[in-house]
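Q: Mind looking over this structure? Questions follow.
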Amino acid sequence: TVNDSLGHAAGDALLRLVAGRIEGAIRSVDVVSRLSGDEFLVVLPDLENEQSPVAVAEKLLAAVSEPVQLEGQSLSVSPSIGIAVFPEDGKSAADLLKSADTAMYRAKANGRGQAMFFEERMNHEVRERVSLERELHAALDNDQFTLCYQPQLDLRTGRIVGAEALLRWRHPERGLVSPSQFMPVAEEPGLIEHIGRWVILEV
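In the working numbering, the protein residues as written are 10 to 212.
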């Protein structure tokens, strides 16, 4: 967003500022690096106890969330932090990074501005979400969606004055899938526009 609105120079300045704030919130023995884009990695060796990452994460959230003055404008950054602990969440650097990444995306999905530990169930939920997203594409192609119409009554006259179209997904294996289960997934990859168009044409 910063790159698009203020230019890449401003985006780079913001990244340098955030990197400085991260460095200022950790110990001298800790390591910070920029992975890609706006993602940073912090390695915390010799932890005293399992609560240590929480204390560091809270310091990082507070430091990075402070408003930033850039190009004469005040900007807010909402960091999301995923925490993975060796060896429980991975015995190699690659596995730890994957676990931290999974936890970070869960923190983002939960509203940003927070830190979350990796949990094994997250892997299952991520796989389930990817599977559901793939099946939603197929649902549009294979005509698996259907509409139910709920009448709207004028309570004074008792007459039907309209109807609400309710979307339902008749999955060949899962059965009737609740909108509360598939709509959040549909909104992520932009499928919602295609589904919305189908609903309007069908109605």
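Ideal placement from N, C-alpha and C gives every residue a C-beta, glycine not left out.
Using DSSP's beta-bridge definition, name the partner residues of Phe-127.
A: To locate residue 127, count along the sequence shown from 1; it is residue 118. Answer is none; Phe-127 lacks a bridge partner.
Q: According to DSSP, which residues form a beta bridge with Ile-204?
A: Your numbering for residue 204 matches position 195 in the sequence shown. Answer is none; Ile-204 lacks a bridge partner.
Q: Inspect the beta-carbon positions of Ser-89 and Ser-74 and report whether they are closer than 8 Å.
A: Mapped onto the sequence shown, residue 89 falls at position 80. Mapped onto the sequence shown, residue 74 falls at position 65. A distance of 8 Å or more separates the beta carbons of Ser-89 and Ser-74.
Q: Short check: CB of Ala-66 to CB of Ala-124, under 8 Å?
A: Counted from its first residue, the sequence shown places residue 66 at position 57. Counted from its first residue, the sequence shown places residue 124 at position 115. Cβ distance < 8 Å, so Ala-66 and Ala-124 count as in contact.
Q: Given a cut-off of 8 Å, decide if Val-77 and Leu-23 are closer than it, judged by their beta-carbon atoms.
A: As a first step, residue 23 must be located in the sequence shown, where it is residue number 14. As a first step, residue 77 must be located in the sequence shown, where it is residue number 68. Yes, these two residues count as a Cβ contact at 8 Å.
Q: Measure the Cβ-Cβ separation of His-180 and Glu-142 and say whether it is below 8 Å.
A: Numbered from its first residue, the sequence shown carries residue 180 at position 171. Numbered from its first residue, the sequence shown carries residue 142 at position 133. No. Outside cutoff.
Q: In terms of alpha-carbon separation, which member of Glu-182, Tyr-158, Glu-202, Arg-177 lies closest to Gly-171?
A: Counting from one through the sequence shown, the residue named residue 171 turns up at place 162. Of Glu-182, Tyr-158, Glu-202, Arg-177, the residue nearest in Cα terms is Tyr-158.
Q: Under 6 Å Cβ to Cβ from Ala-34, same chain only, skipping five residues before and after it: list those, please.
A: Taking the sequence shown and counting its residues from 1, one reaches residue 34 at position 25. The answer, listed in chain order, is Lys-68, Leu-69, Ala-72.
Q: Can you list, in chain order, the stretches of the beta strand (DSSP E) that have 3 or more residues and sit fully within the stretch 73 to 153?
A: 77 to 79, 82 to 84, 89 to 92, 123 to 126
Q: What's the gap between the Cα of Glu-6 and the Cα of Thr-111?
A: Given a span of 10 to 212 for the chain in the structure shown, any question on residue 6 remains unanswerable.
Q: Nearest chain B C-beta to Pro-54 closer than 8 Å, yes or no?
A: In summary, chain B is missing from the structure at hand, where a single protein chain is found.
Q: I need the DSSP call for Arg-183, collapsed to helix, strand or coil.
A: In the sequence shown, counting from the first residue as 1, residue 183 sits at position 174. If DSSP states are grouped into helix, strand and coil, Arg-183 belongs with coil.
Q: Would you tell me roughly how many angstroms separate the C-alpha atoms of Arg-6 and Asp-152, rounded to the nearest one?
A: Residue 6 falls outside the range modelled here, since the chain spans only 10 to 212, and no answer is possible.
Q: Span of the beta strand (DSSP E) holding Arg-30?
A: Reading the sequence shown from its first residue, position 21 is the one you call residue 30. First-last for Arg-30: 17 to 34, but that is the alpha helix (DSSP H), not the beta strand (DSSP E).
Q: If you check the beta carbons only, do Ala-19 and Leu-79 fall under 8 Å apart?
A: To locate residue 19, count along the sequence shown from 1; it is residue 10. To locate residue 79, count along the sequence shown from 1; it is residue 70. Contact flag set, yes.
Q: Name the DSSP beta bridge partners of Pro-160, please?
A: Indexing the sequence shown from 1 puts residue 160 at position 151. As computed with DSSP, Pro-160 is found in a beta bridge with Ala-172.
Q: Can you tell me the Cβ-Cβ gap for Ile-31 and Val-52, rounded? I've got them flagged as a contact below 8 Å.
A: Residue mapping note: residue 31 aligns to position 22 of the sequence shown, counting from 1. Residue mapping note: residue 52 aligns to position 43 of the sequence shown, counting from 1. Ile-31 to Val-52, Cβ: 12 Å. No contact.
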